[in-house]
Amino acid sequence: MKVLLVLSAILASTLALSDRPCSNNITNLWLDVVAVVDNSIGMSSDGLNSVAADLISVFSSSRIGSDPNEPRTTRVALVTYNVNATLKADLNKYQSNNDFLNGIFSDLKVGSSEESFLANGLALAEQLFFVKESSSSSRSHYQKVIIVYASAFEGIDSLSPLPVAQRLRTDGVTIITVGYNQDGDGVLKGLQEIATRSYNFTNTDGALIPKVQNALMQANCFCMNEWEQYRDSYADLFSPRHGVCLQLISLPAIWKAAQMSCRNRFKKAYLANEYDQKKHDFIFEKVKNTTGFNYPYSYHIGLNYVNGAWMWDQPENHQMIENTDFSYWIPGYPKAASQMSAVQNSQNSLATAWQNVAMYTVSSNYVCEVASCDTSNYCTPSGLIGL
Ligand SMILES: *[C@@H]1O[C@H](CO)[C@@H](O)[C@H](O)[C@H]1NC(C)=O
Ligand SMILES: *[C@@H]1O[C@H](CO)[C@@H](O)[C@H](O)[C@H]1NC(C)=O
Ligand SMILES: *[C@@H]1O[C@H](CO)[C@@H](O)[C@H](O)[C@H]1NC(C)=O
Ligand SMILES: *[C@@H]1O[C@H](CO)[C@@H](O)[C@H](O)[C@H]1NC(C)=O
């Protein structure tokens, strides 16, 4: 009896459908990174040696450089700063893990100044990303990350690092900070204003290397232009991300045409699923905030009736997935499925919920979905590769 109960619990938990998480295989990281390292006298030679060891450890399993045969590579540039900033390595200097190992150790030396102006270091990183790199480069869709190692936090007025950090984040750059050898809390408070939320660390943190690696893999998990990443909270742009992207289309179409249109918009895209309440709510929040979706709302989702079961749409040539534990039908639905085998969300007096409709005659707006670009999925601007 006990065994049976346990078995049925396991079965129930495997039946619950869930959205794809961001993948996290550090080997396949594909990013462009600028390490911005404080080399003022306060960092000390020992400090810089341990920064070098840290950086090498963080990227030791990833492919450094660029490779015409493997797009999932990470370029790392190095900028040091004290009173001024110096470019030690541009994005193309280190072309292998070996180059990187040797280069980082020889390029990280203590400078001649006590002063430490992060603003100058960040401004040079900004130049590397947005001036030196052409916006039409073959890597322009690679996500950009800055890792700051700093022992001090100085600079007011024109030397304040806040405006340039703000600008970088607005331009989509992820900023990770590591407070190093810092004398007092002021440094950490300052860095916390610079970092992308929750990516502010210190060298005394346990597990600094996996924390930085996780931040890098989250940064690598993203959606292409016009797609919005599914995340824990619609209102909170920085809430944890899932490995799924959504696009709302406000051009009414019958279900079959909507499915086709999703597939043509981006390689491996399909009509969106609503595996649970959270996903339904996220999509509905976005619907309410999208021009062309109007009261009373109605929009197709990926649910449809095939061979006797309600199934969720999947990428072309993948088996559809049967809807199991969660359902969100309007009371009285589903109606006889043989006549009405497509599903849309429809607003009735109580809620916006599932309603089955005729597949070939009812035109509505619709929601497309695709797996995110991440360490297992390399994307080009026109589609997802891998899966
Ligand atoms: C990570 O990716 C590498 C290279 O593609 C592969 O060999 C390895 O098996 C993957 N690791 C995991 C845990 O999937
Ligand atoms: C820092 O840069 C300023 C202006 O760009 C220059 O005048 C100054 O000499 C530089 N300082 C050092 C120590 O290189
Ligand atoms: C990072 O910033 C948060 C506030 O955003 C703060 O609570 C936390 O203590 C900071 N962590 C470090 C290591 O400075
Ligand atoms: C709602 O839409 C507006 C206009 O497109 C946008 O600026 C805003 O960020 C959206 N809200 C959220 C939470 O994404």
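Numbering (mature numbering (1 follows the signal peptide of the UniProt record, and there is no 0)), first residue to last: -16 to -1, 1 to 371.
Cβ coordinates follow ideal geometry from the N, Cα and C atoms, glycine included.
Note that the structure is predicted; figures quoted are calculated from it, not measured.
If you check the CB distance, N204 and Q127 come in under 8 Å. In its chain, beyond the 5 residues on either side, Y214 and Y218 have a beta carbon closer than 7 Å to the beta carbon of F266.
Annotation for K240: the continuous alpha helix (DSSP H) segment containing it runs W239 to R249. DSSP places N187 outside any beta strand (DSSP E), giving it a letter other than H or E.
Boundaries of the alpha helix (DSSP H) around E110: L102 to Q111. A residue is called buried when at least 16 other Cβ atoms come within 10 angstroms of its Cβ; I88 meets this threshold and is buried.
Nearest to F84 by alpha-carbon distance, out of S2, A37, P55 and Y164, is A37. Taking the Cα positions, F222 is about 11 Å away from Y183. Excluding five sequence positions before and after Y281, the CB atoms of its chain that fall closer than 7 Å to its own CB belong to V271, N329, Q331 and T336, given in chain order. In the pairwise beta carbon analysis, the segment 337 to 350 is classified as touching the segment 227 to 246: at least three pairs are separated by under 8 Å. Ordered along the chain, residues surrounding ligand 4 are Y218, A219 and N273 [Cβ under 6 Å from any heavy atom]. The Cβ-Cβ distance between N66 and G95 falls below 8 Å. For A293, the beta-bridge partners assigned by DSSP are V290. When the Cα atoms are used, Q323 and W296 turn out to be separated by approximately 18 Å. Distance check between R4 and each of I159, G174 and H226 places H226 closest, using alpha-carbon atoms only. Per the Cβ contact rule, the segment 52 to 62 is not in contact with the segment 157 to 172 (fewer than 3 Cβ pairs under 8 Å). A direct Cα-Cα distance of roughly 43 Å separates Q231 from D169. Between F137 and L192, the C-beta spacing is not below 8 Å. I40: member of the alpha helix (DSSP H) spanning S28 to F43, first to last residue.
Contiguous beta strand (DSSP E) elements confined to the segment 52 to 131 occur at 59 to 65 and 69 to 73, taking only those with 3 or more residues. Using a cutoff of 7 Å, the CB of F185 counts as near ligand 3, since one of the ligand's heavy atoms is closer than that. For E177, the enclosing alpha helix (DSSP H) starts and ends at D169 to I178. V17 places its beta carbon less than 8 Å from that of R59. With fewer than 16 other CB atoms across the displayed protein chains lying within 10 angstroms of its CB, Y344 is exposed. Under the DSSP assignment, V148 falls in the alpha helix (DSSP H) whose first and last residues are L146 to T154. Taken in chain order, the complete beta strand (DSSP E) segments of 3 residues or longer contained in the segment 251 to 330 are 282 to 290 and 293 to 296. Under the three-state reduction of DSSP, L334 is assigned to coil, being neither helix nor strand. For R215, the enclosing beta strand (DSSP E) covers residues E212 to R215. P194 carries a helical assignment under DSSP once its states are collapsed to helix, strand and coil.
Residue pairing from DSSP places D16 in a beta bridge opposite R59 and K128. Distance from the Cα of E300 is smallest, within the candidate group R247, N340 and L13, for R247. When DSSP reads this structure, D141 sits in no beta bridge, so it has no partner.
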